[in-house]
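Residue numbers (UniProt numbering): 1 to 272.
We treat Cβ as the ideally placed atom computed from N, Cα and C, and that holds for glycine.
The model shown is predicted, which means the values in this text are computed figures rather than measured ones.
Right, one structure below, let's go through it.
Written out as C-alpha cells, the structure reads:
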C-alpha cells in the first residue's frame, strides 16, 4: 500500500492526538506520585521519591495487593476451565441454540458493573444466605473473566481447522490423545493470553467488588477508600502508578501472544 507524505503526517498527528487523549491523565497521576507535598496542585511543588518508600511500607496497601493477587489468580483458574469448555463446545459442535448460548456467555462483560454487583450481592446474601467474603469476590470476578478466556479460545479454535482432529482420529488416536497432541498445542497461546487478560480485568475491578467484598479489601478498594483522605493522597498516587504498571504487564504479554503472525512481517510501502 502506497501512502503519500501528507497522509503519513496526518496519520502520525492523529495517532499522537489519540494517545494523548488516552494517556495524558495517567501521566498526570504519575507526576503527582513524585510531588514533594501532600497538597495536590498543578504544577507540582517539587520532586521526591519518599512516597514510594511510604507506599512500600504501608501494611494496608500490601495486604490489599496480596488480596487482589489471590482473587485474580483463583478467578482466572475458574475462567480458564469454564471458558475453555464453553469455547470448545461451541466451536466444535453444531446444535440448536448455539448462537444464543454464545451471546449469553459474552453478555456479562457488557452489563453495567453496578447491576451485576447488585445481582450478585442479592444472590449471596438473600438467596444463598451466606456472608460476603474473599470467595464471593472470586465468584463475582469469575463471572466476567470467563468472557475473556472464551473469546480468545473460541477465536483460536475457529482459525484451527477441525480436519486436523479428524485426521488424528482416522489414524487411530483416541479423543484424549487428539486433544493433548493436536488441539491443546493449537490453542495454548490463546489460553495464556485469555488468562492474562482475565487476571488483569480482575485485578483492576472495583464496582462489582464493592458489592461482594464484605470485610475483604482488594487494592482498587483500598485506593478508593484512601482517596478521600488528604494525608494518604500521595501514597495513593504511588499505588495507582504501581497498579497501572502491574496492569500493563499481563495485557502486553496477552497482546503479543494473541497477535496474528500473518502480516506482521510485512511492511507498508511509502512514497514521497
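CA-to-CA distance, residue j to residue i, given in whole angstroms
i, j, result
"residue 29", "residue 35", "10 Å"
"residue 112", "residue 119", "11 Å"
"residue 124", "residue 94", "35 Å"
"residue 65", "residue 255", "24 Å"
"residue 101", "residue 92", "14 Å"
"residue 153", "residue 117", "26 Å"
"residue 47", "residue 237", "14 Å"
"residue 225", "residue 9", "45 Å"
"residue 243", "residue 165", "42 Å"
"residue 109", "residue 144", "5 Å"
"residue 195", "residue 208", "19 Å"
"residue 44", "residue 247", "26 Å"
"residue 172", "residue 205", "47 Å"
"residue 252", "residue 53", "27 Å"
"residue 99", "residue 106", "11 Å"
"residue 14", "residue 27", "19 Å"
Classification of residue i by the beta-carbon crowding that lies within 10 angstroms, buried from 16 upward
i, result
"residue 57", "exposed"
"residue 97", "exposed"
"residue 39", "exposed"
"residue 265", "Residue placement at residue 265 is poorly supported in this model, since its pLDDT is 42, which falls under 50; the coordinates are not used for a value here."
"residue 184", "exposed"
"residue 197", "buried"
"residue 222", "buried"
"residue 4", "exposed"
"residue 156", "buried"
"residue 23", "exposed"
"residue 6", "exposed"
"residue 136", "buried"
"residue 344", "With the chain covering 1 to 272 only, the question about residue 344 has no answer from this structure."
Distance between beta carbons of residue j and residue i, contact taken as under 8 Å
i, j, result
"residue 146", "residue 71", "Incorrect: roughly 15 Å between the Cβ atoms, too far for contact."
"residue 191", "residue 37", "Actually they are not in contact, since the Cβ atoms of residue 191 and residue 37 sit about 47 Å apart, beyond 8 Å."
"residue 250", "residue 200", "4 Å"
"residue 87", "residue 150", "5 Å"
"residue 239", "residue 55", "6 Å"
"residue 128", "residue 214", "The Cβ separation is near 13 Å, so there is no contact."
Cβ shell of residue i (< 6 Å), same chain only, five flanking positions each side left out
i, result
"residue 203", "68, 72"
"residue 33", "237, 238, 241"
"residue 81", "none"
Neighbourhood of residue i by C-beta, 8 Å cutoff - its chain only, sequence neighbours within 5 removed
i, result
"residue 175", "169"
"residue 227", "233, 236"
"residue 219", "61, 64, 65, 67, 68, 203, 239, 243"
Within 8 Å, strictly: CB atoms of residue i and residue j
i, j, result
"residue 290", "residue 51", "Nothing in the structure corresponds to residue 290, since the chain is present only between 1 and 272."
"residue 142", "residue 89", "no"
"residue 61", "residue 134", "no"
"residue 189", "residue 77", "no"
Own chain, CB closer than 7 Å to residue i, minus 5 neighbours either side, in chain order
i, result
"residue 211", "117, 118, 120, 121"
"residue 182", "164, 165, 168"
"residue 178", "165, 168, 169"
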